[in-house]
Amino acid sequence: MNDFLKCCCLLMCMLFAVHPSFGQQSVTGIVSDATGNLAGVTVSVIGTSRVTQTDENGFFSIQASNGEKIRFSSVGYVSQELNVAGSRLDVILVSDAEIDEVVVIGYGTQKKTTVTGAIATVSAQQLEGRPVNRLSEALQGMVGNLNITTTTAGGAPNATQNINIRGYTGFGVSSSPLIVIDGIQGGNINNINPNDIESISVIKDAATAAIYGSSAPNGVILITTKQGTKGGKPKITYSNNLNWNTPINLPKMLNSLDFATIYNEASINAGGSAIFNDETLARIIAYQAGTITTETVQTGYNTSTPSDTWASWETSNANNDWFEIYFKDVAFSQQHNLSVNGGSEASKYFIGVGYNDRQGMYNFGDDKYKRFNVRSNLSSNLTDWLNVSLRTTAARENYNTPNTYSAKTGGNYMHQIARKWPTVQLFNPDGYYSDESDVRLHMDGGRDITRTDDIGITGEVNLKLAEGWTATANYSFNGIFAQRDIHTKTIYAYRPSGAQYIMTGNPNGYSKQNYRTENQVVNLFSQYQKNVGDHYLSILGGFNSELKSYETFLASASQLYSDNIPSLSLSYGTTPSVADAVRKLASMGYFGRFEYNYQEKYLLKVDGRYDATSRFLEDNRWKFYPGVSVGWNVDKESFFEPIKSTMNIFKLRGSYGASGDQGFLDTDPNNPNWYPFYPSLGTSRPTSNAWLFNGAQQALVSAPGLVNPDLTWVTTTQLNIGTDMGFLNNKLEASFDWYIRKSDDFAYSGTPVPSVLGTGVPVENNAGLKTTGFELSLGWKDQIGKVNYSLRAVLSDYQSEITKFDSNPTGSIGSYYVGRQQGEIWGYTTEGLFQSTDEIANAPSQTAISTNAWTPGDVRYADINGDGAITFGNQTLENIGDLSIIGNNTPRYAYSFTGNVGYKGFDLSIFLQGIGKRDAAITSNYFWGIVGDQWQSSLFDVHMDRYTAENPDGYFPKFYMSGENSKNTQTQTRYLQNAAYLRIKNLQVGYNLPQSVLERAKIANVRLYFSVDNLATFTKLIKTMDPELSISDSKIYPLQRVYSFGVNIGL
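Next comes the structure, spelled out in structure tokens:
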């Protein structure tokens, strides 16, 4: 069907590509603005190829017929379209700065010129053409200090992103901002179709967010979807994106001979024997030379009593790079979007449908994700004082992936690949996949399928009570219903004799998990606005109520009657395991806002909210949170006139506000702590170890834990100072914000209690945090001849420091402490690798780190405190030995750059994103290779550069295949990684078919584009890791480079 539509559009375009022009005349005129005549204005006849520009005096001349339309456009001005009705046409263009651009804020809108808080906006145009799975992906780097990072799912088809505004928010708890969709708080940003977005506002300061109270301690993202247009004919748009994904930053495994050589070397260094014997090494060499063709042999093949097993691991001779085997070179994905919007004089509507089909990178078993979205926004003026609207949305997600490793070895997919030796065979000599390769496990071991339905409906009534006085009431229901089915199958394999045995899945099993989350929101508010001469007044007041409910049900059974019928009732194993949970959380609040400005020059806004939550006991349930912000449009002062032609915008802003946080206890999003004031009782079923009562074991209920009845809100205050500037009629725009945020009363473990009490310590409001940071954005737009272009750069930074922490009386550096900078890395300073026994004999003693002998190739640590020995003290602030702060893993100086160029119908854009400074102390085998255990170690091409007698200047130290290896892998300066990076996040080229081709076919626009995401990365981080993934481990599903082709059609 899609191909048919495309062909029809192209055929119609070709049929009407050429058409005659009649009755043309020379139309002349002058184009000017408020300050004088304008040069370089583009003058074009709509629907034709006729175009010209004004000269240095603003004069133009162009051929046009009566009834045709001429468009006048120039960077920094609002375009105008005028009908030709004679030979003379003089035009006055209006500056962009003079247009009342509106910004969405809490429970309303505000003119951009009167905004006093720290609010950034993202338009729908900035999101176009990106082959992203989630809206949050497209927002990365768009807004200063809107920090979008990958989760532990990495680049998996169903992956979501971590979202944070203005940095660390404290002590390991959720830092996500409040999501508000079309005025309703609590929406799911992951299920919004980016093509349905009209605009996005990001509220960063506490004063502006105060109207949302305890729901918004970490900022707000306000999303406005498309609403339709009144009085216009239906507008139909279709877009698609076909993309091909290829994994990036996959580690490169060593070939099997180098692998075996280093393993033997590490084992001998540790005092052991060679892991690979000479016979196996000979087969490895022969296999790589092609003189033998099988990857393994039968165990004991060269003896009189061979074993009925296939040799593997240290006795097989394959040469496999398991990352290349397990991951596809290319995976195909597609997105399609169709929308209709329009309306009458009294009503408007928007209906959008989206389909996303994303194939994963697993080469065996396939992992795949599908999502279907529908959104409908309807609005109607029933009378001149009554408007009603109905907004509905539905999304279904389905993620289908192999039930990987859960039936066999445990651990995550990437870790299991990394620890698989290249010598392990993919195929046994009998032609079957080997047991050790785990290929059959991925292909036939069962599936893990999650289906999620996200349904929302909002009804709203707007009343116009009098001139300037309105009232709004709305009710919203959002439900997320998820079901996860995990099926473990039995897999059979064959021995050399042909005998069958169970490889994995003994017993087989099935589990079903159901999750249900509902959120109901009621908003009632009224606003009065009045202009009295040069004075503007606005008063808003309202009520908000929210009820959340969360239910789970889990059941599992083993020993299914049939592997092909996963069913809880069709099992003969032990009684199915069953668990469930039910939680509810209610909150409510009264809010208000007062706005005043004089001539839009002096600005004042006061917000406040009185909030309550069921999470706390009655005495601590209510709290008031205020916010005040002021602004001064200096450019509106008379003394500013002399420089206004150069600097046309200059605003100063300042705000101070407070917000509450009740979610600081939710350390696990799948197990929210909504009842912290109730003591919990542990239970256990009767077992053979249970107490005997009346001759039988009994079910037990354990003593309750301690709770803190005084637990209350976290209060966060924030001071924000900012400025907005525009130069040269807004060709150059700049914005800067500096902030300091202080949070008090975070909850952490309280004062220790005697162990004889037999229970843990309850949490107390005993911790505090301070974060400071800034955001800078610069933009430039201009036109040179027929080429228009724009540039935009964003830079932001933050640092967080612990200001209060009562739960670490000893000052341990392994915990939080007052003065700690978030992300600090404690470690040793190193002075290279020992090169001789004499150097070791004359160096400070290092026996505190390891009592094993120190030899050439081991790390030499620096004696920082000069006591003649390398020690770690007692790892407290008062006694740290030779430890010191050697780095910080907080991402510093996040930046992005966007460039756009347009010429006639062609456009080119580039988007760069990166981190300016970040340290990484990596502990995993992805970095170190050998980690002391031959079954958990990995070796990649980077590990060839290690210390040996032949390579004394190697980067990595001497390897030991034992616990002795840890003496060289201490956190230290030598191996501290620079995790800063620059990534070409998107490069896109597009072409808009000319109107002269499309107008006779009744097509409004057609744009074709080609796009590449994650085109290139520049970093000094070790190449086994991706700087956007976890810098401590990186055993995460790889990100992908995405090549995509798309078309946008408007009718």
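When the letters of the sequence shown are read in order and numbered with the working numbering, they come out as residues 24 to 1074. Ideal placement from N, C-alpha and C gives every residue a C-beta, glycine not left out.
Taking only three categories from DSSP, how would you classify residue i?
i	result
V965	helix
A1024	helix
Q720	strand
G236	helix
L799	strand
V657	helix
G986	helix
V462	helix
M437	helix
G548	With the sequence shown as reference, residue 548 is identified as Phe, and Gly is not the correct amino acid for it. Note: F548 maps to strand in three-state DSSP.
T406	coil
D344	coil
F617	strand
E221	strand
S947	coil
F700	coil
P270	strand
S399	strand
F282	helix
T432	The predicted position of T432 is uncertain, since its pLDDT is 48 and thus under 50; a value taken from the coordinates is nonetheless stated next. Note: T432 maps to coil in three-state DSSP.
K135	helix
R73	coil
N537	strand
Between which residues of its own chain and residue i is the CB-CB distance below 6 Å, once the five residues before and five after are set aside?
i	result
D829	N789
T406	none
V1035	L1010 and Y1066
R843	I825
N1028	G1073
G802	E756 and R815
R539	F504 and E574
Could you check if residue i is buried or exposed, using at least 16 other CB atoms within 10 Å of its CB as the buried criterion?
i	result
D881	buried
Y261	buried
P257	exposed
N343	buried
S534	buried
Q685	buried
D453	exposed
V601	exposed
Y851	buried
Y625	exposed
A719	exposed
Y949	buried
I188	buried
H510	buried
Among the candidates the options, whose CA atom is the shortest distance from the CA of residue i?
i	options	result
S237	G99, T636, E824 and A944	T636
M408	R414, W492 and V68	Going by the sequence as given, residue 408 is Trp instead of Met. The candidate whose alpha carbon is nearest that of W408 is W492.
G615	G131, A87, T65 and F83	G131
D1149	R1023, K391 and Q822	A question about residue 1149 goes unanswered here, because the residues of the chain that appear run from 24 up to 1074.
S668	P649, A972, G749 and S707	G749
N340	G251, T317, I909 and A1039	T317
K253	S367, I212 and V1020	S367
N241	I308, S290, N181 and L169	L169
I744	K754, R764, L751 and G677	G677
L931	N811, N831 and V1020	N811
N379	N266, I271, P589 and F387	N266
Would you grab the beta carbon distance between residue i and residue j for me? Rounded to a whole angstrom, and I think it's under 8 Å.
i	j	result
K674	T746	6 Å
K804	V98	5 Å
I244	P200	5 Å
Just to confirm my understanding: we take residue i, look at its own chain, exclude 5 residues before and 5 after, and list those with CB closer than 8 Å. What are they?
i	result
V786	L688, P699, N731, L734, A770, Y771, S772 and G773
S159	I171, T183, Q184, I186, I212 and N213
Any beta carbon from chain D within less than 8 Å of residue i's own beta carbon?
i	result
N529	The structure shown contains no chain D; it is built from a single protein chain.
Might you give, ordered along the chain, the residues of its own chain that have their beta carbon closer than 7 Å to the beta carbon of residue i, omitting 5 neighbours on each side?
i	result
G90	N106 and V107
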